[in-house]
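Okay, so here's the structure we're looking at.
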Amino acid sequence: MRGTVQQVGATMQPVAFRVPSQQGAGLFAVVCAFTLAVVVPALAFAAEAEHHAAHHGVPWAKLGFQIINLSIFAFILRRGAWPALRNWVAERRAAVAAALAEAERAKREAEALRAEWQRRVEQMGVELEAMLKQARAGIAVERDQILAAARRAAEAIRRDAERTAENEIRSAQETLRAEVAAQALAIAERLAAQRLTAADQQRFVSEFVRQLEQP
Amino acid sequence: MSGAIARRYAKAIIAVAQEQDALEQTGDELRVLRALGADPQIAQALGNPMLTAPARRQLALAIADRLTLRPIMRNFLGVLADNRRLDQLVGIADQYQKIVDGMLGRVRATLTSAAPLSPEQLDAIVTALGRQTGRTVLVEQQADPQLLGGVVVDVEGKVYDGSLRTQLEALATSIAGGRALL
Chain Z
635 MRGTVQQVGA TMQPVAFRVP SQQGAGLFAV VCAFTLAVVV PALAFAAEAE
685 HHAAHHGVPW AKLGFQIINL SIFAFILRRG AWPALRNWVA ERRAAVAAAL
735 AEAERAKREA EALRAEWQRR VEQMGVELEA MLKQARAGIA VERDQILAAA
785 RRAAEAIRRD AERTAENEIR SAQETLRAEV AAQALAIAER LAAQRLTAAD
835 QQRFVSEFVR QLEQP
Chain W
64 MSGAIARRYA KAIIAVAQEQ DALEQTGDEL RVLRALGADP QIAQALGNPM
114 LTAPARRQLA LAIADRLTLR PIMRNFLGVL ADNRRLDQLV GIADQYQKIV
164 DGMLGRVRAT LTSAAPLSPE QLDAIVTALG RQTGRTVLVE QQADPQLLGG
214 VVVDVEGKVY DGSLRTQLEA LATSIAGGRA LL
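Residue numbers (the working numbering), protein chains in the order written: chain Z, 635 to 849; chain W, 64 to 245.
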C-alpha cells in the first residue's frame with residue numbers, strides 16, 4: 635500500500651521540476667490536485683479494500699489495474715496536454731505584457747500631447763495678441779490704400795470734369811466764332827455789292843499791280 | 064498718246080505756216096476749228112468710225128468751205144480726214160498755240176474781274192504780269208460778279224488772286240480761328 639503511493643509521486647516529480655515559470659508551477663499544481671483527486675479515492679478504496687480484505691482479503695489485481703490506468707492517464711496528460719497548455723499560458727502572458735507596454739506607450743504619448751496642448755493654450759494668449767496687432771496693422775494699411783485710391787479717383791474725376799468743361803467752352807467759342815465769321819462775311823458781301831465804287835475797284839487793281847511788281 | 068499725235072500734227076502745220084509767214088493767221092483759224100471741234104455733236108461727227116474715207120474728206124472740205132479757210136488749212140483738214148485724225152482738232156489747236164507762244168515768247172493769261180476793267184487798268188495789269196513772267200502776256204478777260212471786287216489772274220495754272228471775296232474769306236477764316244476776335 636505505501637509503496638504504491640511513492641511510486642505515483644516518483645512518476646510525477648520530474649514533471650514538476652521541468653516547469654520553468656510560475657504559471658507552469660500552477661498548472662503542475664492543478665495536475666497534482668487532479669491526480670490526488672483520483673489517487674486519494676483510489677487509496678481510500680484501497681484502504682477500504684484492505685479493511686475489507688482484512689475480512690475478505692485484498693483485491694490486488696483490481697488495485698494494480700487502476701494504478702496502471704492512472705499512470706497511463708498521467709503519461710498522456712504529460713505528453714499531450716501539458717505542452718499546449720504551457721504554450722497557451724506563455725502566449726497569453728506575452729500578449730498581456732505587450733498590451734501593458736502599449737498602454738504604457740499610449741499613456742506617455744497622451745501625457746506628452748496633454749503637455750503640448752497645455753503649452754499651446756498658454757501661448758495662445760500671446761499669439762492672439764500678435765494676430766490682433768497684425769490685423770490692426772493690415773486694416774490700417776488697407777484703409778490708407780482705399781483712401782489713396784479714392785483720392786486718385788476723385789482727382790481723375792475732377793480733371794475729366796475740367797477737361798470736359800474746357801472742351802465745351804472751346805467748342806462753344808469755336809461755334810460762336812464761326813457764326814460771327816459767317817455773319818461778318820455775309821454783311822461784308824452785302825455792303826460790298828451795294829457800296830463798292832469804281833474808285834474802290836481802281837484801288838483793288840492798283841494794289842494788285844503793286845503786289846505783282848513786288849520782288 | 065493723243066497728246067503726242069496732236070503735238071506732231073501741230074509741229075507740221077507750224078512748219079508750213081512759218082514757210083508762208085502765217086503763224087498768227089493759222090493760229091486764228093485753228094482757234095476757230097478748235098471751237099468747232101469742242102462742240103459735242105460736231106466732235107461726234109468728226110470722230111464717227113462709220114464714215115468712209117471719201118465721206119470724211121467731203122466733210123472736212125465742207126467745213127473748210129463754210130469757214131472760208133485758206134488753202135493751207137483746207138489741205139491740212141484733208142490730211143486729218145484721210146488719217147482719221149479729225150477728232151484731234153482740239154488737241155492740235157492747243158499744241159499749236161502752246162508751241163507758237165513759246166516760239167514768240169508769249170504767255171496766255173485769263174483775267175477775271177467783278178466788273179469790266181478799263182483799258183488803263185488792263186494795261187497796268189498786263190505790264191505788271193509781263194515783268195513778273197518775263198514774257199509777253201496775252202490776256203483773255205472774264206467777268207464774275209461773285210468776286211465782289213479786285214481781279215484774279217491765271218497764268219498757265221499759276222493763280223494771282225487779288226479779289227475782294229478771297230480777302231473777305233481769309234478774314235472770316237481768321238475770325239473763326241480765333242486770331243482776330245475773342
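We treat Cβ as the ideally placed atom computed from N, Cα and C, and that holds for glycine.
Just so we're clear, the structure is a prediction, and the values are computed from it rather than from any experiment.
Proximity test, Cβ basis, 8 Å: residue i and chain Z
i	result
Ala239 (chain W)	yes
Leu109 (chain W)	no
Arg120 (chain W)	no
Leu245 (chain W)	In this prediction, Leu245 (chain W) has a pLDDT of 42, which is less than 50 and means its spatial position is unreliable; nothing more can be read from the coordinates.
Ala127 (chain W)	no
Ala172 (chain W)	no
Ala206 (chain W)	no
Lys221 (chain W)	no
Ala69 (chain W)	no
Ala235 (chain W)	yes
Any C-beta of chain W under 8 Å from that of residue i
i	result
Ala806 (chain Z)	no
Ala812 (chain Z)	yes
Glu823 (chain Z)	yes
Ala782 (chain Z)	no
Ala771 (chain Z)	no
Ala815 (chain Z)	yes
Asp794 (chain Z)	no
7 Å Cβ cut-off: residues of chain Z touching residue i
i	result
Gly66 (chain W)	Residues of chain Z passing the Cβ test: none, with the nearest at roughly 32 Å.
Ala178 (chain W)	Gln835
Ala191 (chain W)	Val843, Leu846, Glu847
Pair within 8 Å by beta-carbon distance, residue i and residue j
i	j	result
Thr229 (chain W)	Gln205 (chain W)	no
Ile188 (chain W)	Val814 (chain Z)	no
Glu92 (chain W)	Arg133 (chain W)	yes
Leu825 (chain Z)	Leu231 (chain W)	no
Gln158 (chain W)	Arg94 (chain W)	no
Ile126 (chain W)	Leu143 (chain W)	no
Leu830 (chain Z)	Leu211 (chain W)	yes
Ala239 (chain W)	Arg811 (chain Z)	yes
Gly225 (chain W)	Glu841 (chain Z)	yes
Ala116 (chain W)	Asp145 (chain W)	yes
Ile162 (chain W)	Ile77 (chain W)	yes
Gln160 (chain W)	Gly66 (chain W)	no
Val214 (chain W)	Val222 (chain W)	no
Val218 (chain W)	Thr199 (chain W)	no
Ala233 (chain W)	Ala816 (chain Z)	no
Residue i - partner residues in DSSP beta bridges
i	result
Tyr223 (chain W)	W:Val216
Thr199 (chain W)	W:Arg169
Thr175 (chain W)	W:Gln205, W:Val215
Partner residues on chain W for residue i, Cβ-Cβ distance less than 7 Å
i	result
Glu841 (chain Z)	Gly225
Leu830 (chain Z)	Leu211, Gly212
Ala826 (chain Z)	Leu211, Gly212, Leu227
Listed by chain order, chain Z residues near residue i by CB distance under 9 Å
i	result
Gln184 (chain W)	Gln835, Gln836, Val839, Ser840, Val843
Glu232 (chain W)	Leu819
Ala85 (chain W)	Residues of chain Z passing the Cβ test: none, with the nearest at roughly 34 Å.
Ala98 (chain W)	Within 9 Å Cβ-Cβ: nothing; Ala98 (chain W) doesn't reach chain Z, min ~30 Å.
Under 8 Å by beta carbon: chain Z residues contacting residue i
i	result
Ile188 (chain W)	Val839, Phe842, Val843, Leu846
Arg194 (chain W)	Leu846, Glu847
Ala75 (chain W)	What Ala75 (chain W) touches in chain Z: nothing, since even the nearest Cβ is about 38 Å away.
Partners in chain W for residue i, counting only beta-carbon separations shorter than 8 Å
i	result
Ala799 (chain Z)	Simply none; closest approach about 17 Å.
Within-8 Å CB hit, residue i to chain B
i	result
Ala187 (chain W)	Among the protein chains of the structure shown, namely Z and W, there is no chain B.
Inter-stretch contact at 8 Å, needing at least 3 Cβ pairs: the segment 145-162 of chain W / the segment 105-117 of chain W: Contact holds between the segment 145-162 of chain W and the segment 105-117 of chain W, because three or more Cβ pairs, one in each stretch, are under 8 Å apart.
Given 8 Å, three or more beta-carbon pairs between the segment 192-203 of chain W and the segment 164-174 of chain W: Touching, yes.
Stretch-stretch touch, CB-based, cutoff 8 Å, three pairs: the segment 74-83 of chain W with the segment 111-127 of chain W: The count of Cβ pairs closer than 8 Å, one atom from the segment 74-83 of chain W and one from the segment 111-127 of chain W, stays below three, leaving the stretches out of contact.
At least three beta-carbon pairs within less than 8 Å, the segment 191-198 of chain W to the segment 840-849 of chain Z: Between the segment 191-198 of chain W and the segment 840-849 of chain Z, the count of Cβ pairs shorter than 8 Å is three or higher; the stretches touch.
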